[in-house]
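Enquirer: The following block contains the structure, expressed as structure tokens.
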Amino acid sequence: MRTMKTFAAIALAGALALAGSASAACVDNVVLVHGNAGSPSDFDNTYNTLVARGYTAAQIFRPNWGSKVCPACNDHNGSEETPVEDALIDAIASSCTGRIDVIGHSMGVTLAARQIARDGLKPYVDAFVGIAGAYRGLWSCGTYPWNVYTSTCGYYGLSVGSPLVNSLAGKKPGARAYSIKSYTDQIVCSTGVCTVGGVHSSTVPGENASYTFATGHFGLLTGTATTQANLIQ
Numbered sequence: 001m002r003t004m005k006t007f008a009a010i011a012l013a014g015a016l017a018l019a020g021s022a023s024a025a026c027v028d029n030v031v032l033v034h035g036n037a038g039s040p041s042d043f044d045n046t047y048n049t050l051v052a053r054g055y056t057a058a059q060i061f062r063p064n065w066g067s068k069v070c071p072a073c074n075d076h077n078g079s080e081e082t083p084v085e086d087a088l089i090d091a092i093a094s095s096c097t098g099r100i101d102v103i104g105h106s107m108g109v110t111l112a113a114r115q116i117a118r119d120g121l122k123p124y125v126d127a128f129v130g131i132a133g134a135y136r137g138l139w140s141c142g143t144y145p146w147n148v149y150t151s152t153c154g155y156y157g158l159s160v161g162s163p164l165v166n167s168l169a170g171k172k173p174g175a176r177a178y179s180i181k182s183y184t185d186q187i188v189c190s191t192g193v194c195t196v197g198g199v200h201s202s203t204v205p206g207e208n209a210s211y212t213f214a215t216g217h218f219g220l221l222t223g224t225a226t227t228q229a230n231l232i233q
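Here's what the structure looks like:
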């Protein structure tokens with residue numbers, strides 16, 4: 001956790017907020033966090049929608065995290081954290097408003113939420129949008145600590161009741177929070193059950209609203225760019 005850099009960056013954010021921006025509209029910087037074994041380009045539809053609404057490339061951060069060839073090796077601790085943490089802190093530091101908006105997909109939802117919680121960044125997050133996340137864990141990962149065979153499902157992973165999942169419970173990751181979910185999600189609902197404790201696993205704690213679409217795990221990301229942009233504005 002980059003404690004010293006975190007506080008230095010946040011101090012800069014206050015000065016930048018007062019200075020504003022002469023070359024672009026003053027809006028929150030946006031951080032787009034892709035899912036497990038994904039890539040920044042997964043958010044191309046969202047990126048293009050934001051640019052069409054006046055955002056510049058410098059206002060949109062797309063961290064590239066995790067192994068692309070071993071999804072089961074990725075979790076929410078260590079090397080996977082660093083690119084996301086860097087993007088969040090750097091986005092705050094250069095934001096003309098002093099705040100940011102965060103949109104995550106799949107495991108990128110919980111990875112971003114973990115960094116916000118660990119680094120105490122919630123006061124700087126205006127809107128948080130979780131798309132097809134597994135905030136309450138994945139039944140396909142089993143129930144911690146039983147039948148947990150991979151890092152993705154382990155202590156820092158997404159088994160139901162894992163220490164990682166429990167650490168996020170009840171923690172709203174921004175001033176506003178939204179979820180975009182589906183009951184035909186091939187990942188979150190792969191066992192035929194989308195809920196944990198009667199609540200859809202993609203819902204975000206303290207969310208202001210939730211939007212349900214009849215589409216799959218990846219369609220929730222690529223097909224909802226307009227909704228995503230509307231939610232952060």
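For what it's worth, the UniProt record's numbering labels the leading residue of the sequence shown as 1, then goes sequentially. Glycine is no exception: its CB is placed at the ideal position from the N, C-alpha and C atoms.
1. Enumerate in chain order the residues of its own chain whose CB-to-CB distance from leucine 50 is below 7 Å, with the five nearest sequence positions on each side excluded.
2. Do the CB positions of serine 179 and serine 210 come within less than 8 Å of each other?
3. For glycine 206, count the other beta carbons within 10 Å of its own beta carbon; 16 or more makes it buried, fewer makes it exposed. Which is it?
4. Could you give the C-beta distance for tyrosine 156 and aspartate 75, rounded to a whole number, given that I count them as a contact under 8 Å?
5. Measure the alpha-carbon distance for methionine 107 versus asparagine 36 and round it to whole angstroms.
6. Under the DSSP definition of a beta bridge, which residues are partnered with serine 179?
7. Could you tell me whether the Cβ atoms of phenylalanine 54 and phenylalanine 128 are closer together than 8 Å?
8. I need the boundaries of the beta strand (DSSP E) containing leucine 32, first residue and last residue.
9. Contact between the stretch 154–172 and the stretch 73–92 is defined here as three or more beta-carbon pairs at a separation below 8 Å; is this criterion met?
10. Thinking C-beta only, is valine 84 closer than 8 Å to leucine 138?
11. From the DSSP output, in three-state form, read off valine 160 for me.
12. Do leucine 32 and glutamate 80 come within 8 Å of each other at the CB atom, strictly closer than that value?
13. Alpha carbon to alpha carbon, how far is tryptophan 146 from alanine 58?
14. Quick check on alanine 214: buried or exposed, where buried means 16 or more other Cβ atoms within 10 Å of its Cβ?
15. Of the choices Gln233, Gly197, Gly192 and Leu121, whose alpha-carbon is the least far from that of lysine 172?
Expert: The structure says:
1. Counting only Cβ-Cβ distances below 7 Å, and skipping sequence neighbours, we find Val30, Ile60 and Ala229.
2. Between serine 179 and serine 210, the CB-CB gap stays under 8 Å.
3. Flag for glycine 206 reads exposed.
4. Rounded, the Cβ-Cβ distance is 4 Å, consistent with contact.
5. Rounded to whole angstroms, methionine 107 to asparagine 36 spans 6 Å at the Cα level.
6. Residue pairing of serine 179 in beta bridges, as defined by DSSP: Gly130 and Ser210.
7. According to the sequence shown, residue 54 is glycine rather than phenylalanine. Not a contact, by the Cβ cut-off of 8 Å.
8. That run of the beta strand (DSSP E) goes 29–33.
9. A contact between stretches requires three or more CB pairs, one per stretch, nearer than 8 Å, and the stretch 154–172 meets this requirement with the stretch 73–92.
10. No, the pair does not count as a contact, with Cβ atoms beyond the cut-off.
11. It is a strand residue.
12. Judged by their CB atoms, glutamate 80 and leucine 32 are not nearer to each other than the 8 Å cut-off.
13. Straight-line measurement puts the Cα of alanine 58 at about 44 Å from the Cα of tryptophan 146.
14. Alanine 214 is exposed by the Cβ-count criterion.
15. Taking each of Gln233, Gly197, Gly192 and Leu121 in turn and checking the Cα distance to lysine 172, the smallest one comes out for Leu121.
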